[in-house]
Amino acid sequence: MEPDETVDYEDVLPCADKLTFDTRKLAQATATTSAYQNGGSVKPYKCSYCHLWHLSTDYEIS
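Per our numbering, residue 102 is the first one in the sequence shown, and the count goes up by one each step.
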């Protein structure tokens, strides 16, 4: 990549439109709040693309 080129990471990473958390603890706190406020159930997982934490309703992800 040339020095003057910029990369729009929203176009590159498939997780760009998801909420991100720096730590599992922060993601879990948000999941707990979401369950309390909305009655839903989500689980934090570490993303293999951005290496940050997201929330998922797919419980097969570890």
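Glycine residues also receive a C-beta, built at the ideal position from the N, C-alpha and C atoms.
In or out: residue i buried (at least 16 other Cβ within 10 Å) or exposed?
i: residue 145; result: buried
i: residue 113; result: exposed
i: residue 155; result: buried
Roughly how many whole angstroms lie between the Cα atoms of residue i and residue j?
i: residue 135; j: residue 153; result: 19 Å
i: residue 139; j: residue 129; result: 15 Å
i: residue 127; j: residue 117; result: 18 Å
i: residue 122; j: residue 133; result: 14 Å
For residue i, tell me which candidate among the options has the shortest Cα-Cα distance.
i: residue 147; options: 139, 132, 124 and 118; result: 124
Using a threshold of 9 Å, state whether the C-beta atoms of residue i and residue j are closer than that.
i: residue 142; j: residue 158; result: yes
If I'm right that residue i touches residue j with Cβ under 8 Å, what's the distance once you round it to whole angstroms?
i: residue 150; j: residue 115; result: 6 Å
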